[in-house]
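Residue numbers (this note's numbering), protein chains in the order written: chain A, 253 to 486; chain B, 253 to 486. Idealized CB from N, CA, C, for every residue including glycine. These numbers come from a predicted model, not from an experiment.
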DNA sequence: AATGTTATGTTTGGATCCAAAGTAGAGCTC
DNA sequence: GAGCTCTACTTTGGATCCAAACATAACATT
């Protein structure tokens with residue numbers, strides 16, 4: 253997958269994420285290849301990849317169409333990430349933290365503390381949090397004993413709204429995001445505490461709940477209604 | 253994906269599953285295309301699909317290699333299926349069973365009861381069980397409110413050892429498999445009971461445990477040692 | 001003798017060509 | 001006027017060709 257092949261996949265992924273192609277819209281190989289300025293071959297390859305990622309789906313025998321996601325899909329994708337990261341955390345607690353991992357987690361905890369210590373959020377802090385958050389999650393998932401869990405999470409994260417670093421949405425209302433990140437920080441610290449004490453079930457549940465932070469916590473923190481509060485009907 | 257394209261993917265998947273290519277072996281596009289009697293194009297498309305499925309992985313800049321799986325990977329993949337199916341079951345219990353789904357699950361419960369009623373297993377019963385088992389799991393996962401969970405499970409099941417219908421391994425020792433299926437049947441019935449009573453947490457845990465049946469239960473049932481008993485070290 | 005450089009061969013990526021399958025539209029028949 | 005059929009066009013799949021990148025090996029130089 254040279255630069256161009258990879259770039260076609262990510263460029264298409266970006267375009268779909270931005271809504272450049274409406275949900276359910278059919279994507280023709282020729283049309284896309286002309287738009288991206290490449291031949292049909294890399295586009296065909298990219299379509300197969302994006303199909304597996306779940307962003308495209310087959311439109312009968314006539315190529316691919318953009319997959320459309322409902323609110324329930326978004327909620328479910330977040331929940332899937334929650335249970336998978338929870339699984340990783342539980343395994344980690346059960347097998348015991350290595351000294352190296354313990355130290356690494358401590359770094360990201362401290363980084364978060366320092367980031368939030370001044371009591372408010374600046375523009376560049378958002379990226380810094382995103383960074384440390386990614387490292388924190390990757391450290392846990394990557395140490396779960398097998399890449400299989402991480403792979404499953406990575407595949408799930410291809411749905412743009414499911415990824416862990418989609419926490420911070422509103423980079424303009426920094427004062428409101430601050431309280432959210434404070435809570436996330438507490439959750440991070442609790443997770444590490446549970447991991448250190450070998451409390452597998454607790455670590456799992458904390459991690460699960462932590463996944464919802466971008467989704468359900470808005471209302472509680474006075475950030476406007478989130479998704480997923482309505483009682484799911486049958 | 254016409255017959256040929258699809259067939260290349262599934263033929264390759266089969267060949268890899270059978271171990272025709274050793275773990276870690278590099279797969280050249282030309283070599284494979286000659287072996288399968290097609291041109292390079294469908295092989296290149298298939299490689300991308302199989303990469304996403306996790307059966308192949310990139311070998312640097314030089315094409316793809318067969319991914320190798322450790323015992324820990326197998327265990328983890330089964331555990332991943334467990335938590336995902338557990339998630340589906342919990343959601344189902346929380347939102348309540350529809351009448352149609354209740355009836356369908358009852359069908360598969362009854363089918364299983366009748367299959368095991370005679371007290372022993374015949375050769376053709378293995379396929380019958382595999383069939384009803386698949387229907388049972390698909391019914392639950394497919395009714396979880398969003399295809400996202402099912403997709404995640406499907407992707408996980410691309411690892412051949414992770415799928416739910418890989419329960420019955422030894423189709424020659426039918427008497428030993430019988431006790432395993434008896435237990436699986438009980439677990440199915442307990443899951444349905446929990447679902448009907450809206451016991452989300454119980455349904456989730458039962459479903460999780462059920463995933464292990466092909467893996468850890470061999471020893472308990474006198475079928476020889478299974479995988480995953482050893483205490484995982486750090 | 002060891003190391004750096006060059007040249008050749010192997011392999012993947014991209015573009016184009018051809019064939020096959022499907023769809024839509026027009027025309028014909030009942 | 002409705003329905004069927006045949007034709008033309010659109011679109012995807014497969015094969016082949018060309019270019020670029022990488023690896024290996026041979027050769028030259030210090």
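{"Query": "Would residue 308 of chain B and residue 279 of chain B qualify as a contact pair, given that the criterion is a beta-carbon distance under 8 Å?", "Result": "yes"}
{"Query": "Below 8 Å, how does it come out for the stretch 392-407 of chain B and the stretch 330-349 of chain B: are there three or more Cβ pairs, yes or no?", "Result": "yes"}
{"Query": "Going by beta-carbon coordinates alone, are residue 448 of chain B and residue 338 of chain B separated by less than 8 Å?", "Result": "no"}
{"Query": "Please classify residue 313 of chain B as buried or exposed, where buried requires at least 16 neighbouring CB atoms within 10 angstroms.", "Result": "exposed"}
{"Query": "Whole angstroms are fine: how far does the CA of residue 458 of chain B sit from the CA of residue 342 of chain B?", "Result": "10 Å"}
{"Query": "Determine, using beta-carbon pairs with one atom in the stretch 425-445 of chain A and one in the stretch 430-443 of chain B, whether at least three such pairs fall under 8 Å.", "Result": "no"}
{"Query": "Count the CB pairs spanning the stretch 351-371 of chain A and the stretch 285-299 of chain B that are closer than 8 Å, and state whether there are at least three.", "Result": "no"}
{"Query": "Please classify residue 282 of chain A as buried or exposed, where buried requires at least 16 neighbouring CB atoms within 10 angstroms.", "Result": "exposed"}
{"Query": "Name, in chain order, the residues that DSSP records as bridge partners for residue 316 of chain B.", "Result": "B:279, B:310"}
{"Query": "List the residues of chain A whose Cβ lies closer than 7 Å to the Cβ of residue 401 of chain B, in chain order.", "Result": "328, 332"}
{"Query": "Would you mind telling me which residues of chain B sit closer than 8 Å to residue 442 of chain A, beta carbon to beta carbon, in chain order?", "Result": "Correct list: empty, because the minimum Cβ distance to chain B is about 20 Å."}
{"Query": "Where do the N-terminal and C-terminal ends of the alpha helix (DSSP H) with residue 461 of chain B fall, by residue?", "Result": "452-463"}
{"Query": "For the alpha helix (DSSP H) holding residue 350 of chain B, just list the boundary residues, first then last.", "Result": "Looking at the DSSP string, residue 350 of chain B is not in any alpha helix (DSSP H), and its letter there is neither H nor E."}
{"Query": "In angstroms with no decimal places, state the Cα-to-Cα distance between residue 311 of chain A and residue 298 of chain A.", "Result": "16 Å"}
{"Query": "At the level of alpha carbons, what is the spacing between residue 450 of chain A and residue 404 of chain B?", "Result": "28 Å"}
{"Query": "Any beta carbon from chain B within less than 8 Å of residue 306 of chain A's own beta carbon?", "Result": "yes"}
{"Query": "Just checking my contact of residue 388 of chain A with residue 360 of chain A at CB under 8 Å: how many whole Å lie between their CB atoms?", "Result": "4 Å"}
{"Query": "Return the Cβ separation of residue 334 of chain B and residue 437 of chain B in integer angstroms, given the expectation that the two are a contact with Cβ distance under 8 Å.", "Result": "With a Cβ gap of about 18 Å, residue 334 of chain B and residue 437 of chain B do not count as contacting."}
{"Query": "Against chain B, does residue 480 of chain A count as a neighbour if the rule is that its beta carbon must be under 8 Å from one of theirs?", "Result": "For residue 480 of chain A, the pLDDT reaches just 48, beneath the cut-off of 50, and the residue's location in the model is therefore unreliable, leaving the point undetermined."}
{"Query": "Can a CB atom of chain B be found closer than 8 Å to the CB of residue 408 of chain A?", "Result": "yes"}
{"Query": "If distances are taken between C-alpha atoms only, which option among B:259, B:317, B:295, B:304 comes closest to residue 271 of chain B?", "Result": "B:317"}
{"Query": "Could you give the DSSP three-state label for residue 290 of chain A: helix, strand or coil?", "Result": "coil"}
{"Query": "At a Cβ threshold of 8 Å, is residue 260 of chain A touching chain B?", "Result": "no"}
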